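Q: Line by line, the protein sequences are chains A and B. In terms of our numbering, the first sequence opens at residue 1 and continues consecutively. In terms of our numbering, the second sequence opens at residue 579 and continues consecutively. Quick reminder that beta carbons are idealized off the backbone N, C-alpha and C, glycines included. As the structure is a prediction and not an experimental result, all values here were calculated from the model. To start, I am sharing the structure in question, which I have written as structure tokens.
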Amino acid sequence: MDRDLPNPFPEPLRSSARLVEATRDQRLARSRRGEAFPTLSLAERQAWVEDFHPDHQEGGRRELRVGGAAGTVLPVELADLLEAWPHPAVRIGPIPEPDLIADVLILGGGGAGTAAAIAAAEAGAKVVIATKLRQGDSNTLMAEGGIQVADQECDSPVQHFLDILGGGHFSSDPELAQTLAADGPATLQWLEELGMLFDKYPTGRMKIRHGGGTSRKRMHSAGDVTGLELMRVLQDRGAALENITVLPFQPAVELLTDEAGRAAGAVLYHLVQKRLRSVAARATVLATGGLGRLHLRGFPTSNHYGATADGLVLAYRAGLPLRDLQHNQYHPTGIAWPERKVGLLITEKFRGLGAQLLNRHGDEFVHPLEPRDVTTAAIIRECREYANGVATGEGGMGVWLDIPLIDLLHGVGTIEREFPGRFKEFHHKGLDLRVHPLLAYPTLHYQNGGVVIAPDGGTDIPGLLAAGEVTGGTHGRNRLMGNALLEILVFGRRAGRAAAEFAFNTKELGVPSTGHLEVFLEQLATAGVDKSRFAPILLPSYGGNLKPGQAVPGGSPASPRGEPVGRGAPVFEPGAGS
Amino acid sequence: MTAMVTIHYDQERHRVPAGRTLLAALEAVGMVFVRGVGCRGGVCGACTILYRLGQETDLRVGLLCQEVVAEGMEILPLPWFPQRKARHDMTLDSGESPDFRVINLYPEVTRCIMCGECSRVCPVELDVMGYVGMIKRGDLKGAARESFTCIQCQACAMRCPARIPQPNAALAARRYHGLHQVRRADHLAGAVARAASEKMKLTFRRLRRMSAEELRMLYQRREVEPADAPPGTWLPQDESLL
Ligand SMILES: Cc1cc2nc3c(=O)[nH]c(=O)nc-3n(C[C@H](O)[C@H](O)[C@H](O)COP(=O)(O)OP(=O)(O)OC[C@H]3O[C@@H](n4cnc5c(N)ncnc54)[C@H](O)[C@@H]3O)c2cc1C
Ligand code: SF4
Ligand code: SF4
Ligand code: FES
């Protein structure tokens, strides 16, 4: 085949790609006969994950010393932020008086936040969304593969529940997992009623596929831009509600509470104007998403620019319990070549449609649809333990994802039709997915754990709710593909409704302050945490060669030499002055 | 030694490593972005740029996170453009068709002079003029298909001599098509009812009372729907969880 078509790969990818072609016919014949690579037993799964998954590797973890979860072992990059001083702007100046009062303040304008805003606004609340970048700049928008809902005759929420539990190695909060599965069909119907487009048959029935770890086909998609389509529609619905105000480029840097210990809003930092502002609220929803941009263990990430664990930092300081954060999801198939695409995703949908994972000899080494952590471990094992990976030349490694199989299995045109976004993008750059396999390696993708919540999104702080990737429990230690998009809608809407209700029942708003920080700050001082380390970092520091936590890209109010900007003495920093 | 090229970003000259994307190259020389970067993966449209090359006269459009640096690029970031957005609630007046509604919301589409500039600049290579024409002709289905991967970068709207907010019109076209023209999924109503049924609640309760070991057994014994079974045809032997 490469005789007719230019092989776009440099060596050694080129010769290895030939081996992939050489074994393709045989593999195709086996697939057609329904002979798949054998799946692993539960015991084997566990062994592979323990031996090869990045979560389990020595080195990258340390014990927390400060705060409610002291003693817990977490990835170093995250532990450093949970044990850090407040943002410099907060440390230097007095907290400004609130200039805006909302019924419901939503932190984060991704999918969970926007769904919560819609639910709260529809309930009649005056809603403010404060978000880091533009509304919609989020992991939600980047989702490609699809959304799981148990809607077929052969399926049920209970069956879905069982898959969630098993996929998460039976570590989920069963109440949350049940809620997720049970709310699924109504959520999908809601999306259809918003005019979201799905892949459908002419009869109106949705097309469905398997995802890793599913026993029934329940992955619904909108081409390979499911998240983009979802986010566009949610945002458009939100824009029609006059009682929603969006504050872009204004991430939360601290929560506010009142003297009764209720949530009372948040302190925002305007990234463009570089100033603080406070918004008071009767109820607050934390929907700040994940942590991919912390690049745990130096892995590339599929996440958007603002995924820096801010919500976890704020929640931890406020004393909320977090769970399962030592377990992060590395998507098995991030792009490993070409360099400028490294870390971006090749959605699982490719494997759902028959693309196989192959080593440098063109041989299969794992069933393509094992749960994600298992597939990730298998790829690392194949590359590291057996040296069967393809070296990319830049120190990276990868295994092949044999995409052309899809057209051979399902007919010419399938790849183009099912993956219009990715197909065009690669075609444009000279890589024809109908002919060439892609090189893949795991990429940091999803924060499995997070803030502990109740089924209505409630937390231990009255009036503070949380939803989406920032929360933990629903998926336990491992999430199956397609359950995150469902989660942000199910729990986003629940949190929005609960927040509106809480707001309506809150007659008097107390005096908002950051008083809840005092104990935590004392502990930081006692533990001798370096004063220059702060969080939330808001954005990763790619420019200026700075390490996360050293300075805010885009300018912190203190110059690199530490001259304070703004008036007033430090408000509450115990032991300040060093 | 890495080869270097010279580019101008927002009127400032930078020597940057060749072969990288503009975003990575500018960050490599110390630039820090706040506005104009979102997904870093070519899907959000936050990083739209207008640029020209050396002595060329053509104005080009690209994405900072996708475009590879080239000698002599002069770049202007376009973080935002005030295109008109119609307020609407997805309903139709009696007797009004969805395609008419979209034209009523965005009558500008009828003023397209077919200059082709939008299609020329679209960084994800959509036939923008084509989908504008479809909206104008009432073909929402075609417009939905053609505009499906629009990342709302706004470049077309900014260049349009007829002041058409193409991405917003396309968004309305897709939603009105999705709600009013695409057939609803019939099976979904049944699924909603089953999810809310007493039987489902009972089954949940039964599973929730199971020991960890029993649950594991149940999980291990799951029957897997064959990948090639047409939807709605296959049923498991054991229907007790349905
Ligand atoms: C490339 C990719 C593909 C994926 N594919 C799928 C898929 O096919 N199926 C699936 O189910 N899931 C998928 N996921 C996972 C899923 O998209 C996310 O888990 C989910 O969308 C998270 O939604 P969220 O609203 O919780 O967070 P996000 O959508 O990330 O939104 C969080 C928002 O909060 C903002 N924010 C952050 N910090 C602050 C702060 N301090 N103050 C205010 N705002 C802040 C962010 O800027 C962002 O707008 C994918 C994820 C990625 C990255
Ligand atoms: S259609 Fe317009 S807004 Fe959409 S991607 Fe193309 S140029 Fe950008
Ligand atoms: S730029 Fe405007 S006028 Fe020109 S073809 Fe496109 S929509 Fe029509
Ligand atoms: S940053 Fe999203 S398209 Fe470039």
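Between residue 132/A and the rest of its own chain, which residues show a CB-CB distance below 6 Å, the 5 nearest in sequence each way excluded?
A: The residues are 251, 306.
Q: For residue 334/A and residue 774/B, what's the separation of their Cα atoms in angstroms?
A: Cα to Cα, the separation comes out at about 38 Å.
Q: Starting from residue 190/A, trace the beta strand (DSSP E) in both directions and tell me its first and last residue.
A: Not the beta strand (DSSP E): residue 190/A falls in the alpha helix (DSSP H), residues 184 to 193.
Q: With 9 Å set as the bound, which would you pick, yes or no: does the beta-carbon of residue 629/A sit closer than that to a beta-carbon of chain B?
A: Coverage of chain A is limited to positions 1 through 578, which leaves residue 629/A absent and any answer about it impossible.
Q: Would you mind telling me which residues of chain A sit closer than 7 Å to residue 795/B, beta carbon to beta carbon, in chain order?
A: What residue 795/B touches in chain A: nothing, since even the nearest Cβ is about 11 Å away.
Q: Three or more C-beta pairs closer than 8 Å, one from the region 746 to 764 of chain B and one from the region 220 to 240 of chain A: is that the case here?
A: Judged by Cβ distances under 8 Å, the region 746 to 764 of chain B makes contact with the region 220 to 240 of chain A, as three or more pairs qualify.
Q: Put residue 328/A into one of helix, strand or coil per three-state DSSP.
A: If DSSP states are grouped into helix, strand and coil, residue 328/A belongs with the strands.
Q: Would you check whether ligand 4 has a heavy atom nearer than 8 Å to the C-beta of residue 345/A?
A: Result no, Cβ not under 8 Å from ligand 4.
Q: Any contact between the region 345 to 353 of chain A and the region 399 to 414 of chain A? By contact I mean 3 or more CB pairs, one from each, below 8 Å.
A: The region 345 to 353 of chain A, when compared against the region 399 to 414 of chain A, does touch it at the 8 Å Cβ threshold.
Q: Check whether the Cβ of residue 681/B sits closer than 8 Å to any heavy atom of ligand 5, and report yes or no.
A: Annotation note on ligand 5: not contained in the displayed structure, which lists ligand 1, ligand 2, ligand 3 and ligand 4 as its ligands.
Q: Quick check: what's the CA-CA separation for residue 696/B versus residue 714/B?
A: So the two alpha carbons sit approximately 16 Å from each other.
Q: With residue 595/B as the anchor, note down where its beta strand (DSSP E) starts and where it stops.
A: Segment 590 to 595, the beta strand (DSSP E) holding residue 595/B.
Q: Which of the residues in the region 719 to 731 of chain B, read from start to end, lie with their CB under 8 Å from any CB of chain A?
A: Listed by position, the residues of the region 719 to 731 of chain B near chain A (Cβ gap below 8 Å) are 722, 726, 727, 729, 730.
Q: Applying the criterion that 16 or more other CB atoms from any shown protein chain within 10 Å of the CB defines a buried residue, is residue 552/A buried or exposed?
A: For residue 552/A, the predicted model reports a pLDDT of 28, less than 50, meaning its position is unreliable and no value from the coordinates is stated.
Q: From which residue to which residue does the beta strand (DSSP E) around residue 15/A run?
A: Taken as a continuous stretch (DSSP letters only), residue 15/A belongs to no beta strand (DSSP E), being part of the alpha helix (DSSP H) at 13 to 32.
Q: Do the region 174 to 185 of chain A and the region 142 to 152 of chain A meet, that is, are 3 or more Cβ pairs less than 8 Å apart?
A: A contact exists between the region 174 to 185 of chain A and the region 142 to 152 of chain A.
Q: Below 9 Å between beta carbons: does that hold for residue 478/A and residue 373/A?
A: Taking 9 Å as the Cβ cut-off, residue 478/A and residue 373/A qualify as a contacting pair.
Q: Looking at residue 227/A: is its Cβ nearer than 9 Å to the Cβ of residue 314/A?
A: Contact: no.
Q: In the DSSP assignment, find the beta strand (DSSP E) that holds residue 639/B and state where it starts and stops.
A: Taken as a continuous stretch (DSSP letters only), the beta strand (DSSP E) holding residue 639/B covers 638 to 641.
Q: In this structure, how does DSSP classify residue 138/A when only helix, strand and coil are distinguished?
A: Coil at residue 138/A, not helix or strand.
Q: Quick one: give me the first and last residue of the beta strand (DSSP E) that residue 652/B is part of.
A: Looking at the DSSP string, the run of the beta strand (DSSP E) that includes residue 652/B is 651 to 655.
Q: Assess, as a yes-or-no matter, whether the region 319 to 339 of chain A is touched by the region 93 to 110 of chain A under the definition of 3 or more beta carbon pairs within less than 8 Å.
A: With a cut-off of 8 Å, the region 319 to 339 of chain A and the region 93 to 110 of chain A do not count as touching, because too few Cβ pairs lie within range.
Q: Could you please give me the residues that DSSP links to residue 337/A through a beta bridge?
A: According to DSSP, residue 337/A bridges with nothing at all.
Q: If we require 4 or more residues per run, which alpha helix (DSSP H) segments fall completely within the region 276 to 320 of chain A?
A: You should have 310 to 317.
Q: Any C-beta of chain B sitting closer than 9 Å to the C-beta of residue 545/A?
A: Since pLDDT at residue 545/A reaches only 44, below the 50 mark, its modelled position is unreliable, and the value read off the structure follows with that caveat. Yes - at least one Cβ of chain B is within 9 Å of the one on residue 545/A.
Q: Would you call the CB atoms of residue 704/B and residue 688/B closer than 9 Å?
A: No, the pair does not count as a contact, with Cβ atoms beyond the cut-off.
Q: For residue 550/A, which three-state DSSP category applies?
A: Bear in mind that a pLDDT of 33 at residue 550/A, under 50, signals an unreliable position, so the model cannot answer this.
Q: For ligand 4, is there any heavy atom lying closer than 8 Å to the beta carbon of residue 641/B?
A: True, at least one ligand heavy atom lies under 8 Å from that Cβ.
Q: Would you say residue 819/B reaches chain A, if we count a Cβ-Cβ gap shorter than 9 Å as a contact?
A: Yes, residue 819/B lies at the interface with chain A (some Cβ there is under 9 Å from its Cβ).
Q: Could you give the distance in angstroms between the alpha-carbon of residue 546/A and the alpha-carbon of residue 607/B?
A: The predicted model places residue 546/A with a pLDDT of 37, which falls under 50 and marks its position as unreliable, so this point remains unresolved.
Q: Assuming residue 160/A is part of the alpha helix (DSSP H), what are its boundary residues?
A: Start and end: 157 to 167.
Q: Taking residue 214/A as part of the beta strand (DSSP E), name the residues at either end of that continuous run.
A: Careful: residue 214/A lies outside any beta strand (DSSP E) and carries neither H nor E.
Q: Please list, in chain order, all residues of the same chain as residue 11/A whose beta carbon is under 6 Å from its beta carbon, the five residues on each side excluded.
A: Cβ within range, chain order: n/a, list empty.
Q: Give every residue of the same chain whose Cβ lies closer than 6 Å to the Cβ of residue 54/A, excluding the five residues on either side of it in the sequence, and list them in chain order.
A: 297, 330.
Q: Between the region 99 to 110 of chain A and the region 258 to 278 of chain A, do three or more beta carbon pairs fall short of 8 Å?
A: Yes: at least three Cβ pairs fall under 8 Å.
Q: Can you have a look at residue 642/B and say buried or exposed, based on whether 16 or more other CB atoms are within 10 angstroms of its CB?
A: So residue 642/B counts as buried.
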